Structure formats: structure tokens, C-alpha cells
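Remarks on the structure that follows.
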Amino acid sequence: MSKKKFTEGLETLFSDLEQDSFSGQHALLKATGKDRAAAASEKETGGEAGKKSSGKRFSDDLESFLHSAFEDSFERQMRREPVPAEEAAVKKRTHRPVSGLDTLIRNTVDLRQVNYEELPTRRLTIVFDTQKLHKLKEIARLEKTILRDIIDDIVAQYIESYEKRKKK
């Protein structure tokens with residue numbers, strides 16, 4: 388048996404379909420002037436150009452949007468207009484009323500009675516002999532304190548002894 392060809396005489400069906408879908412006459416395909424030009428160029432060049440033109444339209448739209456925004460901003464600056472209150476307004480946060488578990492939790496310490504000692508400090512890098520450093524770390528472990536406090540005490544004692552020697 389031979390294969391039957393059904394393409395003869397059916398060209399009119401496909402051409403009608405092409406005209407309806409790309410001409411912009413369909414109710415869902417109402418095109419603007421730019422879209423019509425893009426659709427016409429798509430018919431001439433093929434489907435691939437249509438995909439690229441949509442990206443180009445997006446970039447053109449974005450460029451025109453940014454251009455108008457910059458122009459507005461520039462004009463405002465040239466006229467030295469104040470920025471509208473809506474743009475400059477800082478949103479203030481409101482405190483929510485205490486609810487849930489927060490109502491059951493109460494402060495155990497009066498915050499007015501807490502005093503923080505603010506001593507002026509600076510960061511310092513010190514180079515130690517490794518044996519002395521290990522001994523200082525061991526002392527800190529035994530005293531259950533940090534190495535910084537031990538070094539601070541040593542420096543305070545040295546300053547005190549130095550001042551006593553200088554007074555004599």
C-alpha cells in the first residue's frame with residue numbers, strides 16, 4: 388500500500404489560521420502601534436525575531452520609565468522643591484499591647500537599679516612568651532575568670548607600684 392498525502396488542497400485552512408492569529412483582529416490580541424509593527428516584522432522575518440522584540444520592548448519601556456523618573460527628579464532639584472511629605476515621612480513603629488505569654492512574664496530586676504560601669508577601654512594586642520601565656524591561662528582557669536581581667540589586674544598593680552616608687 389502506498390502512503391496517502393493529505394496536504395493537497397488544505398493550504399487555505401492553514402493560511403486562514405495564520406491570518407487570524409497574527410493579524411491582531413482576534414479579540415484577545417488587540418495590539419498597539421508598536422505591537423502591530425512588531426507583528427508585521429515577525430511575519431516577514433519569522434517567529435524568532437518576535438521573541439527578541441518582546442525583550443527589546445521591555446528594555447525600551449524600562450529605559451523610558453527610568454528616563455522620565457530621572458527627569459522628574461532633576462526638575463524638582465532644579466526648582467528646589469521640597470520632597471513630598473509621603474516620601475520623606477519616617478514610619479513610626481507602634482508598640483503592640485502585651486498579650487499571651489508576655490502578660491504572664493514579669494521583670495525580676497528593676498531596670499532603674501541596674502548600674503552599668505562604662506569604663507573607657509581600648510583594644511590592645513600583646514605578644515607574650517608562650518610559657519608565660521600558658522601559665523596565665525592556667526591561673527585564669529583556676530580563678531574562673533577571663534585572661535583579660537587577670538592582665539588588667541597585673542597592669543593595675545604595676546601602675547600602682549610605679550607611682551609609689553616615683554613619689555619617694
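One rule links them: number in the working numbering = place in the sequence shown (from 1) + 387. The C-beta atom is built at its ideal place from N, Cα and C for all residues, glycine as well. This one's a predicted model, so the numbers in the text were calculated from it and none came from an experiment.
Pick from Ser460, Tyr545, Asp539, Lys443 that is closest to arginine 510, judged by C-alpha positions: The residue given as residue 510 occupies position 123 in the sequence shown. Among Ser460, Tyr545, Asp539, Lys443, the Cα nearest to that of arginine 510 is on Asp539.
query: Between alanine 527 and leucine 534, is the Cβ-Cβ spacing less than 7 Å?
result: Here residue 527 refers to the residue found at position 140 when the sequence shown is read from its first residue. Here residue 534 refers to the residue found at position 147 when the sequence shown is read from its first residue. Going by C-beta atoms, alanine 527 is nearer than 7 Å to leucine 534.
task: Give me the Cα-Cα distance between leucine 449 and phenylalanine 457, rounded to the nearest whole angstrom.
output: Within the sequence shown, numbered from 1, the residue matching residue 449 stands at position 62. Within the sequence shown, numbered from 1, the residue matching residue 457 stands at position 70. Spanning the two alpha carbons is a distance of roughly 12 Å.
query: How long is the line joining the alpha carbons of lysine 522 and phenylalanine 515, rounded to whole angstroms?
result: Counted from its first residue, the sequence shown places residue 522 at position 135. Counted from its first residue, the sequence shown places residue 515 at position 128. Between lysine 522 and phenylalanine 515, the C-alpha separation is close to 11 Å.
query: Which class does histidine 482 belong to by DSSP, given the choice of helix, strand or coil?
result: Here residue 482 is taken as the residue at index 95 of the sequence shown, counted from 1. Coil.
query: Three-state secondary structure (DSSP) at leucine 511?
result: Locating residue 511 in the sequence shown gives position 124, counting from the first residue. Correct three-state label for leucine 511: coil.
- request: Starting from the C-beta of serine 455, find all residues in its chain whose C-beta is less than 8 Å away, skip the five residues before and the five after it, and write them out in chain order.
  value: Here residue 455 is taken as the residue at index 68 of the sequence shown, counted from 1. Same-chain partners within the cutoff: there are none.
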